[in-house]
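Note that the sequence shown covers residues 2 to 481 in my numbering.
Below is one structure, written out as structure tokens, with a few remarks after it.
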Amino acid sequence: MYADLDDLIADLDKRRLLTRVAEPVDPNLEIAAVTDRACKSPGGGPALLFERPVGSSMPVASNLYGSYERMCLVLGVKSLDDLAGEIDELMTPQMPAGIMDALKMLPMVGRLRDLMPKTVKDGACQEVVGKDASFDELPILTCWPGDGGRYITFPLVFTKDPESGIRNIGTYRLQVFDGRTTGMHWQRHKGGAQHYRVAEKLGKRLEVAVSLGAEPVLPYCATAPMPEGLDELLLAGFLSRQRIEMVKCVTVDLEVPASSHIVLEGYVEPGERRREGPFGDHTGLYSQPDDFPVFHLTCMTRRKKPTYLTTVVGVPPMEDYYLGLASERIFLPMIRKTLPEIVDMHFPAEGIFHNLVIVSIDKRYPGHARKIMNAFWGLGQLMFSKTIVVVDRDVDVHDPGQVAWIVGTHMDPVRDIQMTKGPVDDLDDAADLPAFGGKMGIDATRKWASEGYTRQWPERVATTEAAGRRASEIWARIKR
Ligand SMILES: Cc1cc2nc3c(=O)[nH]c(=O)nc-3n(C[C@H](O)[C@H](O)[C@H](O)COP(=O)(O)O)c2cc1C
Ligand SMILES: [Mn+2]
């Protein structure tokens, strides 16, 4: 596993999965435009290291996670599905039948302990301590011409619930307002926003620490839809098979990954809001300006030679598609714990996660497709699913052509569409109201008599097994 960001960059370099850009490139629009080209290349393009960003001595890394192969490398697996079995095992502890069984389970307990973060005395992230530091020291990108300013796009935002002390890590962009303040774009449904809600109720300032470029699994974990109250560092410990080493911040009562390249310490005040945006978002559209809390910097600590890790979002596909794909694969076995009838699910890049999810199920009873829709609309961040397509188990959810064919042939629009209303993603500008709007489920499963379909459901066209075998032999001879 990769010890830190340098380790990842060196390995990607060695594997020729990273392109070094030696010429000067401007963090104002140019780095994003080059990154966009990479992301739009087949398979997600190479990782990029801009060695001479204009106006800064800090190299800028982008698109590190933006391919299937690199996502697997970061998670230490050959295929993202390899994790499913391990997660399943971790989540299905066998009940010990006797003392011998209980003893056999000890390694499992040890395993859990091995996932916990541990506090260390000092870390590379504090080689340089800058109490008067300014955001101007960082090569922060302006990504798109209509953006409201410069944005830190790949931060790991650490907060603690002021009442329970439970930690949360989320990736929420930070718009630079001036050298010492930024916006804090945690949307209302997210963990950081909940901690802020509690702090505001208590009339207290909420301390915040932002880490950039920590252990390579961590930026992924901060984007993962972890259930509220579950520590993202446990997921990081599990995925990296090592305990994440944490170090105490200098000016706030929080801990950050010791291996971070850059740490921003500070706080948000209760009641303070400032206009944030617009921002060329991962929907491929500019999200509208809105009021968000303000992050005040108290100290910037960093390595002597940091690399600034960033990502660019925009018209899909971009790097975030692969981060989402990792979550799709990692969370599928967890979702199956409550919805075992789910065979597979997929979020196509063009659906930007919440706009389109395709689910295949082992249909067991009438109305089953609608049960799945309702379950998704009530399950964590899956509540944002604007369109849910449910298909039978023999449909490949990863093949958009096949899905379009099945939806077209299996759906009766008057009968099979389920409309509802509820909370929608903050970025959904199609809804009349912010964060509240419509959702649609499409039941594209075969309909049963018990569901009111009394005609004969047509069979899929396919030849016999014998003719198929013959065809393979003949085809092997005649094909050029
Ligand atoms: C590159 C990138 C940028 C993101 N920016 C934001 C953001 O600005 N605000 C936000 O609320 N969520 C943002 N997200 C999504 C959250 O990181 C994601 O919903 C995460 O699960 C939140 O964690 P939480 O449940 O602990 O709050 C972003 C995701 C990615 C991949
Ligand atoms: Mn969380």
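Here a beta-carbon is modelled for each residue, glycine too, at the ideal position from N, C-alpha and C.
Predicted model, so just to flag it, every value in this text is computed and none were measured.
- Task: In the DSSP assignment, find the alpha helix (DSSP H) that holds TYR1 and state where it starts and stops.
- Result: Not covered by the structure: residue 1. The range shown for the chain is 2 to 481.
- Query: By Cβ distance, which residues of its chain are closer than 7 angstroms to GLN403, with the 5 residues on each side in sequence left out?
  - Reply: Counting from one through the sequence shown, the residue named residue 403 turns up at place 402. So the list reads VAL396 and ASP397, once near-sequence residues are dropped.
- Relative to the C-alpha of TYR322, which residue among LEU19, THR252, ALA33 and CYS40 is closest? Working through the sequence shown from its first residue, we reach residue 322 at position 321. Per the Cα distances, CYS40.
- Query: Across which residues does DSSP place ASP102 in a beta bridge pair?
  - Reply: Indexing the sequence shown from 1 puts residue 102 at position 101. Partner(s): none; ASP102 has no beta bridge.
- Message: Taking the alpha helix (DSSP H) that ASP345 belongs to, which residues open and close that run?
- Response: On the sequence shown, position 344 is the one that residue 345 refers to. Note, ASP345: premise wrong, no alpha helix (DSSP H); beta strand (DSSP E) at 343–347.
- Query: Per DSSP, what kind of secondary structure is ARG303 in: helix, strand or coil?
  - Reply: Position 302 of the sequence shown, counted from the first residue, corresponds to residue 303. ARG303: strand per DSSP, three-state reduction.
- Message: Please list the terminal residues of the continuous beta strand (DSSP E) segment that includes LYS15.
- Response: Indexing the sequence shown from 1 puts residue 15 at position 14. From DSSP, LYS15 is part of no beta strand (DSSP E) but of the alpha helix (DSSP H) over 6–15.
- Query: What residue range is occupied by the uninterrupted beta strand (DSSP E) comprising ASP393?
  - Reply: On the sequence shown, residue 393 is found 392 positions in, with the first residue counted as 1. Counting along the chain, the beta strand (DSSP E) containing ASP393 begins and ends at 388–393.
- Query: Once you ignore the five residues that flank ASP345 on each side, which residues in its own chain have a CB closer than 6 angstroms to its CB?
  - Reply: Indexing the sequence shown from 1 puts residue 345 at position 344. Counting only Cβ-Cβ distances below 6 angstroms, and skipping sequence neighbours, we find SER361 and VAL398.
- Message: Once DSSP output is grouped into helix, strand and coil, what is the label at LYS191?
- Response: Position 190 of the sequence shown, counting from 1, holds the residue named residue 191. Looking at LYS191 - three-state DSSP - the assignment turns out to be coil, as it is neither helix nor strand.
- Task: Report yes if the CB atom of THR192 is closer than 8 angstroms to the CB atom of GLY166, and no otherwise.
- Result: Position 191 of the sequence shown, counted from the first residue, corresponds to residue 192. Position 165 of the sequence shown, counted from the first residue, corresponds to residue 166. One point to set straight first is that residue 192 is Gly, not Thr, in the sequence displayed. Going by C-beta atoms, GLY192 is not nearer than 8 angstroms to GLY166.
- Using alpha carbons as the reference points, say which of GLU138, TYR221, PRO271 and LEU265 lies closest to HIS196. Position 195 of the sequence shown holds residue 196. When only C-alpha atoms are compared, the closest one is PRO271.
- Would you check whether ligand 1 has a heavy atom nearer than 7 angstroms to the C-beta of VAL358? Reading the sequence shown from its first residue, position 357 is the one you call residue 358. Answer for VAL358: no, Cβ out of range of ligand 1.
- Query: Looking at MET227 and ligand 2, is the gap between the Cβ and the nearest heavy atom below 7 angstroms?
  - Reply: As a working note, residue 227 is residue 226 in the sequence shown. Correct: MET227 has its Cβ closer than 7 angstroms to ligand 2.
- Query: For LYS275, which residues of its own chain have a beta-carbon under 6 angstroms away from its beta-carbon, when the five flanking residues on both sides are left out?
  - Reply: Within the sequence shown, numbered from 1, the residue matching residue 275 stands at position 274. The question names Lys, yet the displayed sequence has Arg at residue 275. Around ARG275: VAL295.
- Message: Less than 6 angstroms between C-beta atoms, sequence neighbours within five positions excluded: which residues of the same chain meet that for ILE359?
- Response: Residue numbering aside, residue 359 sits at position 358 when the sequence shown is read from its first letter. Here the set comprises HIS347, VAL390, VAL398 and VAL404.
- Message: Considering only heavy atoms of ligand 1, does any lie closer than 7 angstroms to the CB of LEU324?
- Response: The residue you call residue 324 lines up with position 323 of the sequence shown. Yes, ligand 1 has a heavy atom inside 7 angstroms of this Cβ.
- Local conformation of ILE32 per DSSP, three classes: Along the sequence shown, read from residue 1 onward, the residue named residue 32 stands at position 31. ILE32 falls in the helix class under three-state DSSP.
- VAL61: buried (16+ other C-beta within 10 angstroms of its C-beta) or exposed? Reading the sequence shown from its first residue, position 60 is the one you call residue 61. By the neighbour-count rule (16 or more Cβ atoms within 10 Å), VAL61 is buried.
- Considering only C-alpha positions, which residue in the set ARG198, PHE239 and LEU235 is nearest to PHE293? For the purposes of this step, residue 293 is identified with residue 292 of the sequence shown, where counting begins at 1. Closest option to PHE293, Cα to Cα, is ARG198.
- Query: What is the DSSP secondary structure of LEU157, counted as helix, strand or coil?
  - Reply: Here residue 157 corresponds to residue number 156 of the sequence shown, with the count starting at 1. Of the three classes helix, strand and coil, the one that applies to LEU157 here is strand, per DSSP.
- Message: What does the Cβ neighbour count give for PHE437, buried or exposed, with the cut at 16 atoms within 10 Å?
- Response: Residue 437 sits at position 436 when you count from the first residue of the sequence shown. So PHE437 ends up on the exposed side.
- Message: Quick check: is any heavy atom of ligand 3 less than 7 angstroms from the C-beta of GLY281?
- Response: As far as ligands go, the structure on display features ligand 1 and ligand 2 and does not contain ligand 3.
- Please determine if the region 247–266 and the region 82–94 are in contact, where contact requires at least 3 C-beta pairs separated by less than 8 angstroms. no
- Message: Check for me: the alpha helix (DSSP H) holding ILE88 runs from which residue to which?
- Response: As a first step, residue 88 is located in the sequence shown; it is residue number 87 there, counting from the start. Where ILE88 is concerned, the enclosing alpha helix (DSSP H) stretches over 83–92.
- So, using beta-carbon positions, are GLY285 and PRO317 closer together than 8 angstroms? Locating residue 285 in the sequence shown gives position 284, counting from the first residue. Locating residue 317 in the sequence shown gives position 316, counting from the first residue. The answer is yes: Cβ separation under 8 angstroms.
- Message: Under DSSP, the alpha helix (DSSP H) around SER63 begins and ends at which residues?
- Response: By one-based count along the sequence shown, residue 63 stands at place 62. Premise fails: SER63 lies in the beta strand (DSSP E), 61–63, not in any alpha helix (DSSP H).
- Query: So is PRO54 buried or exposed if we call it buried at 16+ other beta carbons inside 10 Å?
  - Reply: Counting from one through the sequence shown, the residue named residue 54 turns up at place 53. When all chains shown are included, PRO54 counts as buried.
- Task: On the DSSP bridge assignment, give the partners of THR20 in chain order.
- Result: Taking the first residue of the sequence shown as 1, we reach residue 20 at position 19. Note: THR20 sits in a beta bridge opposite LEU49.
- Pull up the DSSP beta-bridge partners for ARG471, would you. Looking up residue 471 in the sequence shown gives position 470. Paired residue(s): none; ARG471 is not in a bridge.
- Message: Quick check on VAL555: does DSSP put it in helix, strand or coil?
- Response: With the chain represented from 2 up to 481, any question about residue 555 goes unanswered, as that position is not in the structure.
- State yes or no: is the C-beta of GLY45 nearer than 7 angstroms to some heavy atom of ligand 2? What you label residue 45 is simply residue 44 of the sequence shown in a count that begins at 1. No, the beta carbon of GLY45 sits no closer than 7 angstroms to any heavy atom of ligand 2.
- Grab me the residues of THR1's own chain with a C-beta within less than 6 angstroms of its C-beta, minus the 5 sequence neighbours each way, in chain order. One cannot answer for residue 1 here, as it falls past the ends of the chain, which runs 2 to 481.
- beta-carbon GLU256 near ligand 2 non-hydrogen atom, thresh 7 angstroms: Position 255 of the sequence shown holds residue 256. It does not: the Cβ of GLU256 is nowhere closer than 7 angstroms to a heavy atom of ligand 2.
- Does ligand 1 have even one heavy atom less than 7 angstroms from the beta-carbon of GLY214? What you label residue 214 is simply residue 213 of the sequence shown in a count that begins at 1. Incorrect: GLY214 has no Cβ contact closer than 7 angstroms to ligand 1.
- Query: Which two residues bound the contiguous beta strand (DSSP E) that contains PRO424?
  - Reply: Taking the first residue of the sequence shown as 1, we reach residue 424 at position 423. Counting along the chain, the beta strand (DSSP E) containing PRO424 begins and ends at 418–424.
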